[in-house]
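For reference, the structure is listed below as structure tokens.
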Amino acid sequence: MRTQINLDIEKDLVLSHFSLNNLHEGVFWINAKGNILNVNEMACQLTGYEKEELNASTVFDLDPSENVNKFKRSWKILQKEKKQIVDTSYRHKNGTLFDVEISRNLTRYNGEEYACCIARDLSHRKIEDELLMTISKATSGLVGQDFFEALTKYVTIALKVKTCIVTECTDITKTCVRTLAYTTNGKLTENFEYVVEGTPCKTVMQGKGEDVFIGTGCDRTYSKEAGYDSYIAVPICSSLSGDVLGHIAALGVEPMVKEEKQISILRIFAARAGAEIERIKAEEKLRLANIELENLLKQSDQRYRDLFEEAPIAYVNERLDSKFINANKAALRILGVRPDEVTDLYGKTLTADNPENQLRVQKAFESIGRGANTEGVIIELRRKDNGKPAWIQWWSNPDCSGEYTRTMFIDITAQVLMEQEQAELQAQNMYLREEIKLNHNFEEIISKSKSFHKVLQQLEQVASTDSTVLILGESGTGKELLARAVHNLSNRSRRPLIKVNCATLPANLIESELFGHEKGAFTGAVEKKTGRFELADGGTIFLDEIGDLPVDLQAKLLRVLQEGEFERLGNSRTLKVNVRVIAATNRKLEEAIEKNEFREDLYYRLNVFPIYSPPLRDRKEDIPLLVNHFCKKYEAKIGRKINKIPKAALDKLTNYHWPGNIRELENIIERALILSPTDVLEIGDWIPKSTGGSKVNTGKSLKMDDMEKEHIVSILEQTNWKVSGENGAAKSLGLNPTTLEARMKKLGISRKK
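Just add 4 to wherever you are in the sequence shown, counting from 1, and you've got the working numbering.
Shown next as structure tokens:
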């Protein structure tokens, strides 16, 4: 018979298992080799894999940027710090990448070390930014009907729905509403009234109002919403009483995923809509009150003095120089003025002392002096009692005698402060987006070279177009960084940048990589594969080392560039894509054309906008900047901080010819950090000297391929012809082993026996 203790343990285990599987984050348990041991349900939802598939996988299968060496280094850091938080990208089962934040926590069990990794999907963070930017920009500066119409139009665009309405209640029971603006299929529709009974709007209107979200099946629940599958709405409430004034609703024909941030932003604009509804009503009350008061004052000023004093609208009689004659209670309350201060007060003394505000006041009184009315002038004031800011909307009607004017105003301080807060939020949002964009585009482009800044100017010129870009330059000059900058500055930046290295892919697989294949298209094609051009649809594809693309594939690439179409291997159906192409090469394509190694028509199609990435020896003024940058980059990784870089070391680096360019410099600085015993950077004898110590810089005039060949041979001799591995030539040159092997084959490099 089970004891109460056993029952409690079982209950705790069931609760723990339930909590783990119902977390909103994916949980992965991994060991020190990167094997995935267990996952929760959300991990399966995030990645698209079944639990059994994930339990048979490794972190290297999910994270394309992860490799064994990098994982080992990361695990050592985790052993020391016990917890890590990193941002990376996971590959979904369908092949797409999505951004995640990984929180790793080290634990030990039965003498073994494990990491509990919590993955949070970051791909929806941009939704709030995009929605806020789209609607704020579209409605900025608009009021009244223009505001409501623009709001519905851009909500449909931002949420990708068919219809959006903004309504206000027509009776105190909130059972009937009328639309203030109604946009469907991108077009404004005539406004109408309807009863909320039998619609999801009823829930929004009840009590103090509540948000309503129906992800799918809306028309099945509410027959009046025929044709609409999804629904999202927030109430429009009074800023004073909190009562529901109306609502904003968006209706879609497709299912909708609930995002709390979307609802939060809709609430912001619901608050703005509420302020606008109340402002319009206040203006109407003011207009009617003004008409009524004018009529009453014509009959008898004295008889209706109480009405003047107790009116909810602020009234002031003042001379043309702004000296007050009298003011009612509402005016005194808004201005912070005591009754005994009225006759000694000049209204102009309360206006805020900023040029724009003073100019508006000056123009208003000039208009009054000419006998013309002023209508709806917005003025910033400083309350007389405490000096706090206040804003009023001001109307003034000069008396026909030309001696005084009758002024009316309403307090719009709450509305102005809310709009200022929205403007500040929008400005912060734009700043953060630009910061992210700038950091992503140029975080590793370090330069003060005038020649290289001209390259960046060329990038900005071509980025906003869809023109094909050809980036030329030696290996290691940062051609991929330039390609990424073009993409991120372009209108395609929200779509993927897909990279293909034409030199590292085997010739028999590169067509499949570029264009994809069907299951059974060739031996080993056990499942359908999506090609890189399909993945890049709507975005950009970067063809690195384009000069090494096999000739028989160049015609197919030319067709994609000209027609935007291709076929998968094993499928005759033509696929259409909209892809911008950025290509790069360190080869002289004109010479390759003469050798029949590159198609002339493809060259002219790629060479629409050539950009030359200069070698490091032509921008040596950047070497000190780059040295500092790489020192800081590798300090944490190696665990040594460099506080001093001697001039002799900089001179040695500056005088070197750098056939491997920035990639070679980065590797040398990393090696120097490892070998420097103190906080002073030491450059050892393993760097070739500027004269007499290097085969690369012997005073001869060598072609680029000859220089590259001699440099590779020099490094291979230093590593005893070891290509891969920690102490191999590929590591020293900053290349993948397969890339180095391809270059050796191309340049005819082999070890002499």
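Just so you know, even glycine gets a beta-carbon here, dropped at the ideal spot from N, CA and C.
Three-way DSSP call (helix, strand, coil) for residue i in this model
{"i": "Ser754", "result": "coil"}
{"i": "Thr51", "result": "helix"}
{"i": "Pro650", "result": "coil"}
{"i": "Val555", "result": "helix"}
{"i": "Ala588", "result": "strand"}
{"i": "Met422", "result": "helix"}
{"i": "Leu255", "result": "strand"}
{"i": "Asp103", "result": "strand"}
{"i": "Leu27", "result": "coil"}
{"i": "Tyr638", "result": "helix"}
{"i": "Ala746", "result": "helix"}
{"i": "Pro239", "result": "strand"}
{"i": "Val261", "result": "coil"}
{"i": "Pro393", "result": "strand"}
{"i": "Val248", "result": "strand"}
{"i": "Glu379", "result": "strand"}
{"i": "Leu606", "result": "helix"}
{"i": "Ile450", "result": "coil"}
{"i": "Arg644", "result": "coil"}
{"i": "Ser234", "result": "strand"}
Integer Cβ distance of residue i from residue j, believed to fall under 8 Å
{"i": "Ile550", "j": "Ala489", "result": "Ile550 to Ala489, Cβ: 18 Å. No contact."}
{"i": "Ala760", "j": "Cys180", "result": "In the structure displayed, the chain extends from 5 to 757; residue 760 sits before or after that span and is not available."}
{"i": "Ile716", "j": "Arg675", "result": "Incorrect: roughly 17 Å between the Cβ atoms, too far for contact."}
{"i": "Arg496", "j": "Gly535", "result": "18 Å between Cβ atoms; not a contact."}
{"i": "Val170", "j": "Ala185", "result": "5 Å"}
{"i": "Tyr608", "j": "Leu593", "result": "The pair is not a contact, with the Cβ atoms about 10 Å apart (cut-off 8 Å)."}
{"i": "Arg644", "j": "Ser680", "result": "7 Å"}
{"i": "Lys452", "j": "Asp626", "result": "6 Å"}
{"i": "Asn59", "j": "Val43", "result": "7 Å"}
{"i": "Asn332", "j": "Glu360", "result": "Not a contact, Cβ separation roughly 29 Å."}
{"i": "Ser61", "j": "Ile40", "result": "5 Å"}
Neighbour-count burial assignment, residue i, 16 or more Cβ in a 10 Å radius
{"i": "Glu197", "result": "exposed"}
{"i": "Gly246", "result": "exposed"}
{"i": "Glu668", "result": "buried"}
{"i": "Pro239", "result": "buried"}
{"i": "Ser234", "result": "buried"}
{"i": "Gln149", "result": "exposed"}
{"i": "Glu384", "result": "buried"}
{"i": "Tyr113", "result": "exposed"}
{"i": "Thr527", "result": "exposed"}
{"i": "Cys404", "result": "exposed"}
{"i": "Asn665", "result": "buried"}
{"i": "Lys704", "result": "For Lys704, the predicted structure reports a pLDDT of 42, less than 50, and the residue's modelled location is therefore unreliable. A value from the coordinates is still provided. It counts as exposed."}
{"i": "Ser494", "result": "buried"}
{"i": "Leu553", "result": "buried"}
{"i": "Lys580", "result": "exposed"}
{"i": "Arg755", "result": "exposed"}
{"i": "Ile338", "result": "buried"}
{"i": "Gly190", "result": "exposed"}
{"i": "Gly732", "result": "buried"}
{"i": "Ser140", "result": "buried"}
{"i": "Gln49", "result": "exposed"}
{"i": "Asp689", "result": "exposed"}
Note down, one range per segment and in chain order, each alpha helix (DSSP H) of at least 4 residues found wholly within the stretch 41-93. The stretch 41-93 contains these whole alpha helix (DSSP H) runs: 45-51, 55-59, 63-66 and 72-85.
Flag this pair as touching only if the stretch 514-526 and the stretch 476-483 have three or more C-beta atom pairs under 8 Å; answer yes or no. Result no; under three Cβ-Cβ pairs closer than 8 Å.
Which runs of the beta strand (DSSP E) fall wholly inside the stretch 462-533 and span at least 3 residues, in chain order? Listed in chain order, the complete beta strand (DSSP E) runs (minimum 3 residues) inside the stretch 462-533 are 473-476 and 501-505.
Looking at C-beta atoms only, is the number of pairs between the stretch 332-349 and the stretch 369-377 that lie closer than 8 Å three or more? Output reads no: the stretch 369-377 does not touch the stretch 332-349.
Could you name each continuous beta strand (DSSP E) segment of 3 residues or more that falls completely within the stretch 111-166, going from the start of the chain to the end? Within the stretch 111-166, the complete beta strand (DSSP E) runs of at least 3 residues are 116-125.
With contact counted as at least three CB pairs below 8 Å, one residue from each stretch, are the stretch 408-420 and the stretch 277-287 in contact? Contact between the stretch 408-420 and the stretch 277-287 is established, with three or more Cβ pairs separated by less than 8 Å.
Going residue by residue through the stretch 310-346, where are the continuous beta strand (DSSP E) segments of at least 3 residues, counting only ones entirely within it? As far as the stretch 310-346 is concerned, its whole beta strand (DSSP E) runs of at least 3 residues are 318-323 and 328-331.
Should the stretch 459-472 be regarded as contacting the stretch 610-627, the criterion being three or more beta carbon pairs within less than 8 Å? At 8 Å Cβ cutoff, the stretches touch.
Count Cβ pairs between the stretch 71-89 and the stretch 100-108 that sit closer than 8 Å; are there 3 or more? These segments touch.
Touching by the beta-carbon criterion (3+ pairs, under 8 Å), the stretch 455-467 and the stretch 589-602: The stretch 455-467 vs the stretch 589-602: no contact.
Using 8 Å as the cut-off, can you tell me whether the stretch 137-147 makes contact with the stretch 113-129, which would need three or more C-beta pairs spanning the two stretches below that distance? Taking a cut-off of 8 Å on C-beta distances, the stretch 137-147 does not touch the stretch 113-129, as fewer than three cross pairs fall below it.
For the structure I just gave you, are there three or more beta carbon pairs, one from the stretch 282-294 and one from the stretch 255-271, closer than 8 Å? Proximity of the stretch 282-294 to the stretch 255-271 falls short of the contact definition, fewer than three beta-carbon pairs being nearer than 8 Å.
At which residue ranges does the stretch 657-693 contain complete alpha helix (DSSP H) runs of 4 or more residues, listed in the order of the chain? Counting only runs of 4+ residues, the alpha helix (DSSP H) found wholly inside the stretch 657-693 occupies 665-679, in chain order.
At which residue ranges does the stretch 164-224 contain complete alpha helix (DSSP H) runs of 4 or more residues, listed in the order of the chain? Entirely contained in the stretch 164-224, the alpha helix (DSSP H) runs reaching 4 residues are, in chain order, 205-209.
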